[in-house]
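To get the numbering used here, take the position in the sequence shown, counting from 1, and add 2.
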Amino acid sequence: MDRKSGTVRVTLASTLGRHIDGAWWPRSAAIGRELPQLVSLLGARLGEIVDIEVGWSASQAPPRLDVPGWEGMHQHVLTIIGRDASANLLIVPHRTGTALAVMVLRVAAGLPISPSHLDTHACRTANAVVHAARIQRELHRGRLANCPADASSSTPNVTGR
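Below you can see the structure in the form of structure tokens.
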């Protein structure tokens with residue numbers, strides 16, 4: 003949340019349910035401080051927020067999208083689950099430069115991009131980042147869907163997001 007303007011830097015696709023539904027660009031590495039404002043904002047679209055799933059471990063540093071080498075790193079995706087819908091948000095690391103961060107926000111949500119920006123480094127990188135995150139989510143979901151339920155368990159097989 004921008005301490006001065008009170009805005010949350012987030013985008014959501016008009017239709018939810020994709021591997022990546024949008025993106026969130028927090029203002030600091032301490033995303034827990036900004037999460038309440040994000041949850042409050044998304045509640046209007048998703049319904050009462052009932053769960054949040056973090057798609058990375060505490061030991062996984064966010065990729066630095068502005069420098070070469072991000073391609074081999076795990077993209078951070080946050081799943082916000084509401085009573086009415088859920089959204090998979092790609093986290094844009096807070097130190098990402100403005101041009102690239104704004105482009106990732108737009109690409110992740112499927113928002114239009116000005117023709118004059120289509121052939122820019124920021125646009126090409128944003129498309130690659132979002133594509134990598136979608137592939138990562140698709141592979142993760144595929145692995146979970148293919149895991150057999152524990153035969154000794156009496157509880158149903160529940161997969162994560």
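Don't be surprised by glycine CBs; every beta carbon is placed ideally from N, CA and C. Computed from a prediction, not measured in an experiment: that's the story for all the values here.
{"Item": "Could you check how far apart the C-beta atoms of I93 and V109 are, in whole angstroms? I think they sit under 8 Å.", "Value": "Contact doesn't hold; Cβ gap of about 14 Å is too wide."}
{"Item": "So E36 is in the alpha helix (DSSP H); what residue range does that whole segment cover?", "Value": "33 to 48"}
{"Item": "Measuring straight from C-alpha to C-alpha, what distance separates L40 and G24?", "Value": "13 Å"}
{"Item": "DSSP state of I54, grouped into three classes?", "Value": "strand"}
{"Item": "Less than 8 Å between C-beta atoms, sequence neighbours within five positions excluded: which residues of the same chain meet that for N164?", "Value": "Since the first residue of the chain shown is 3 and the last is 163, residue 164 is not available in this structure."}
{"Item": "Report the rounded CA-to-CA distance for R66 versus Q138, giving the unit in angstroms.", "Value": "17 Å"}
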